[in-house]
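Undergrad: Okay, here's the structure, questions in a sec.
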Amino acid sequence: MFNLLPRDDAFEKIFAEMAGYLIEGSQLLEDTLRNYTDLEARVRRLKEIEHKCDEATHRVLVKLNQTFITPFDREDIHALASSLDDVLDYVYAAGERLTTYNIDAPPPVAPDLAAIIVRQAKQLQSAVARMNRHQDVLACTVEINRLENEADGLARKQLGELFRTERDPIRLLKMKELIEVLETATDKAEDAANVLETIVLKMA
Amino acid sequence: MFNLLPRDDAFEKIFAEMAGYLIEGSQLLEDTLRNYTDLEARVRRLKEIEHKCDEATHRVLVKLNQTFITPFDREDIHALASSLDDVLDYVYAAGERLTTYNIDAPPPVAPDLAAIIVRQAKQLQSAVARMNRHQDVLACTVEINRLENEADGLARKQLGELFRTERDPIRLLKMKELIEVLETATDKAEDAANVLETIVLKMA
Amino acid sequence: MFNLLPRDDAFEKIFAEMAGYLIEGSQLLEDTLRNYTDLEARVRRLKEIEHKCDEATHRVLVKLNQTFITPFDREDIHALASSLDDVLDYVYAAGERLTTYNIDAPPPVAPDLAAIIVRQAKQLQSAVARMNRHQDVLACTVEINRLENEADGLARKQLGELFRTERDPIRLLKMKELIEVLETATDKAEDAANVLETIVLKMA
């Protein structure tokens, strides 16, 4: 038996690489928020990770242009790369706020939100590693959505407390934005999960 | 004559159910904003409606996995369910702000914005009930877009007034966010209308 | 030789028209921000340009309904029209903030951000004029993404400075929103570029 169309797993490899950057970046962010020192250097490191993920996204695009037969629809490969990249953009954006806004101490919920992003990133890593296992992918996406709900609840609770207790409006603005950027990263992970769902639905 | 492919209207039924939750939720929000009492209980009720809509979205997904021939493209069914769900997410988010931010009195425009969401929800209900009537769906989506413009105008006017008159920056922040969340719900209804347009364009 | 399927360039013509409005609108915004006088009249003029672009978007939709064979996928034509329209919506939104929020002097970065939108608009104009030249379109979209990164860097720098120096929280809120709306316009141009990428990838 000849395998006339050897399965090309180059895209899966790049997606695995991107998920790896996402895990690395979100772990660095969580650690930075828990041990709040050495900010400048760690945010610079986060920028480097984010940049490597950008380059991987670009490689997906270049490869799409060179590949005649793709493992799934071209536009979905494009959408998946973009959406994974978006998550890390918001992870970096959260880190960047720490230095740009000169935040003296992050709100208590911030490292917990980062920990949720780490868990979502690990689910995304599992999902992109087994794109052809429909049910496994859907189990990951259900968990990613559950984590997004959890993050949303934590963020809303902390924001309520901030509005009750913080009397400095400029400090309130900074804290509010940091929490919202972290929560948006979990939304973007959910968007990536939705792209994955779309892909497995099409393959069904 | 045999009907070899009996038309399966299970998806249309779930979309009708979702539009029903959207009408119920937005009417409850409007009523809460007009008769500003009993907040905790009514926001809890809104949460329940939002949760039922989440479950319906999930049922769409499960059914997609069990259905071989769908009335329109799988990814569009998915996108329509997600976008209807998004509208109610923002309706709930507006309600949630009332309690979390401990808003003493909503700005005058708030119930009027909620009333616009109710009208958009009714248009969405009409549209999903007659997906095979191209022109009817487009008439609904044109009206939904017009309502979004109207909401945008009302929101901008109220925000301008708030920035002119409100001297407490923290109260300003709360009011601004409430108005923006309400306006975003009308944007999400427009997104759902855009998905409906895409579907009827493909069927054309 | 007969040309049985004469190539219909009506869509390309409307996209070119839309890109023209986008250039006109963003140039007017830049000029308004640099020579900060006569706001009411210029924002009114911006509204007119934005309205003409809305009408062009609507014409795309009507034409889609009357056309049997389209030069590329119906849903992509729809998405491209919507995303071009979105850019001008944010350009107008930035102008509108100037009058609604009664901004006395825009932050120094504002005209530079508008200038970046002008450059992105010119790239979008080039791209829609040569949709069948795969590599040319991709070169435009790469430049649009680079410009978005540049805008993001400028915006973050100015926001950091505002948080360090501006002591009036309500003025800070106004400046922050103006900068963010301008930056979002550059994001929307990137979204339009992503639609263009999707289209050329499908044609590949």
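Residue numbers (our numbering), protein chains in the order written: chain L, 1 to 204; chain V, 1001 to 1204; chain D, 2001 to 2204. Beta carbons: idealized from backbone N, C-alpha and C, even for Gly. Everything numeric in this text was worked out from a predicted model, so none of it was measured.
Ignoring anything shorter than 4 residues or poking outside the region 1001–1055 of chain V, list the alpha helix (DSSP H) runs there in chain order.
TA: As far as the region 1001–1055 of chain V is concerned, its whole alpha helix (DSSP H) runs of at least 4 residues are 1010–1034.
Undergrad: What does the Cβ neighbour count give for L/Glu-48, buried or exposed, with the cut at 16 atoms within 10 Å?
TA: Result: exposed.
Undergrad: Using 8 Å as the threshold, is the C-beta distance between D/Ile-2023 and D/Val-2118 below it?
TA: Against a cut-off of 8 Å, the Cβ pair of D/Val-2118 and D/Ile-2023 comes out as a contact.
Undergrad: Please list, in chain order, the chain L residues whose beta carbon lies closer than 9 Å to that of V/His-1078.
TA: Residues of chain L passing the Cβ test: Asn-194, Glu-197, Thr-198, Leu-201.
Undergrad: Count the other C-beta atoms from every protein chain shown that fall within 10 angstroms of the C-beta of L/Asp-85, then say buried if there are 16 or more, exposed otherwise.
TA: L/Asp-85 is buried by the Cβ-count criterion.
Undergrad: Against L/Phe-163, what residues of chain V qualify as contacts under a CB-to-CB distance less than 9 Å, listed in chain order?
TA: Per Cβ cutoff of 9 Å: Thr-1100, Tyr-1101, Asn-1102, Ile-1170, Leu-1173, Lys-1174.
Undergrad: Taking 7 Å as the limit between beta carbons, can you name the residues of its chain near V/Arg-983, skipping five residues before and five after?
TA: Chain V is shown from 1001 up to 1204; residue 983 of chain V falls before or after that span and cannot be answered.
Undergrad: Counting only the same chain and skipping the five closest in sequence on each side, list residues whose C-beta sits under 6 Å from that of L/Ala-193.
TA: Taken in chain order, the residues that qualify are Thr-141, Ile-144.
Undergrad: In its own chain, which residues sit with a C-beta less than 8 Å from the C-beta of V/Ser-1126, not counting the 5 before and 5 after it?
TA: Here the set comprises Asp-1136, Cys-1140.
Undergrad: Within 8 Å (strictly less), CB to CB, does V/Glu-1075 reach chain L?
TA: It does: the Cβ of V/Glu-1075 has a partner Cβ on chain L nearer than 8 Å.
Undergrad: At the level of alpha carbons, what is the spacing between L/Ala-10 and L/Ile-69?
TA: For L/Ala-10 and L/Ile-69, the distance between alpha carbons rounds to 12 Å.
Undergrad: What residues of chain L sit near D/Arg-2156, judged by a beta carbon separation below 8 Å?
TA: Within 8 Å Cβ-Cβ: Glu-96, Thr-100.
Undergrad: Under 7 Å between beta-carbons, which chain V residues line up against L/Pro-159? List them in chain order, please.
TA: The sequence given here places Leu at residue 159 of chain L; Pro does not occur at that position. Per Cβ cutoff of 7 Å: Thr-1100.
Undergrad: Does the region 2155–2170 of chain D touch the region 1148–1156 of chain V, meaning 3 or more C-beta pairs lie closer than 8 Å?
TA: They do not touch, by the three-pair rule.
Undergrad: In angstroms with no decimal places, state the Cα-to-Cα distance between D/Thr-2165 and D/Leu-2046.
TA: Straight-line Cα distance between these residues: approximately 32 Å.
Undergrad: Excluding five sequence neighbours on each side, which residues of the same chain lie with their C-beta closer than 6 Å to the C-beta of V/Ala-1189?
TA: For V/Ala-1189, where only same-chain residues beyond five positions count, the Cβ hits under 6 Å are Val-1087, Gln-1120, Ile-1144.
Undergrad: Report buried or exposed for V/Thr-1032, applying the criterion of at least 16 other Cβ atoms within 10 angstroms of its Cβ.
TA: By the 10 Å Cβ count, V/Thr-1032 comes out buried.
Undergrad: For L/Leu-147, which of L/Pro-169, L/Pro-71, L/Leu-113 has the nearest alpha-carbon?
TA: Of L/Pro-169, L/Pro-71, L/Leu-113, the residue nearest in Cα terms is L/Leu-113.
Undergrad: Judging by CA-CA distance, which residue of D/Ala-2110, D/Val-2128, D/Met-2131 is the nearest neighbour of D/Ala-2151?
TA: For D/Ala-2151, the nearest C-alpha among the options comes from D/Ala-2110.
Undergrad: Using beta carbons (cut-off 8 Å, strictly below), is D/Ser-2083 in contact with chain V?
TA: No - not a single Cβ of chain V is within 8 Å of the one on D/Ser-2083.
Undergrad: Might you give, ordered along the chain, the residues of its own chain that have their beta carbon closer than 8 Å to the beta carbon of V/Leu-1061, omitting 5 neighbours on each side?
TA: Hits under 8 Å: His-1078, Ala-1081.
Undergrad: For the alpha helix (DSSP H) that V/Arg-1171 lies in, which residues bound it at each end?
TA: That run of the alpha helix (DSSP H) goes 1169–1203.
Undergrad: Would you kindly check if the distance between the Cβ of V/Leu-1162 and the Cβ of V/Pro-1106 is under 8 Å?
TA: Against a cut-off of 8 Å, the Cβ pair of V/Leu-1162 and V/Pro-1106 comes out as no contact.
Undergrad: Could you pull the start and end residues of the alpha helix (DSSP H) that L/Asn-151 belongs to?
TA: Note on residue identity: the sequence assigns Ala, not Asn, to residue 151 of chain L. Note, L/Ala-151: alpha helix (DSSP H), 134–165.
Undergrad: In terms of residue numbering, what span does the alpha helix (DSSP H) encompassing L/Asp-76 cover?
TA: Where L/Asp-76 is concerned, the enclosing alpha helix (DSSP H) stretches over 74–100.
Undergrad: Mind checking whether D/Leu-2138 and D/Glu-2197 have CB atoms under 8 Å apart?
TA: Yes, Cβ-Cβ distance for D/Leu-2138 and D/Glu-2197 is below 8 Å.
Undergrad: Is there a C-beta anywhere in chain D that falls below 8 Å from the one on L/Asp-191?
TA: By this cut-off, L/Asp-191 is not an interface position.
Undergrad: Taking the alpha-carbon positions, what's the V/Gln-1123 to D/Arg-2034 distance?
TA: Each residue's alpha carbon lies about 43 Å from the other.
Undergrad: I'd like the list of long-range same chain contacts for L/Ala-268, defined as Cβ closer than 6 Å, with 5 residues on each side in sequence excluded.
TA: Given that chain L is displayed from residue 1 to residue 204, the structure contains no residue 268 of chain L and the question cannot be resolved.
Undergrad: For V/Asn-1003, would you say it is in contact with chain L, using Cβ-to-Cβ distances shorter than 8 Å as the test?
TA: With a pLDDT of only 46 at V/Asn-1003, under the threshold of 50, the placement of this residue in the model should not be trusted, and no figure is reported.
Undergrad: Rounding to the nearest angstrom, what Cα-Cα distance links L/Cys-53 and L/Lys-174 in this structure?
TA: Whole-angstrom Cα-Cα distance: 27 Å.
Undergrad: Going by alpha carbons, who is nearest to V/Asp-1038 out of V/Lys-1176, V/Asp-1104, V/Thr-1186, V/Asp-1089?
TA: Ranking the options by Cα distance to V/Asp-1038, first place goes to V/Asp-1104.
Undergrad: For L/Ser-83, collect the residues of the same chain with a Cβ closer than 6 Å to its Cβ; drop the 5 residues on either side in sequence, then sort them by chain order.
TA: If we look at L/Ser-83 and ignore the five residues flanking it on each side, its Cβ neighbours are Asp-191, Ala-192, Val-195.
Undergrad: Using a Cβ-Cβ cut-off of 6 Å (strictly less than) and excluding sequence neighbours within five positions of V/Met-1001, which residues of its own chain qualify?
TA: The pLDDT assigned to V/Met-1001 is 41, lower than 50, so where the model puts this residue is not dependable; a value taken from the coordinates is nonetheless given after this. None.
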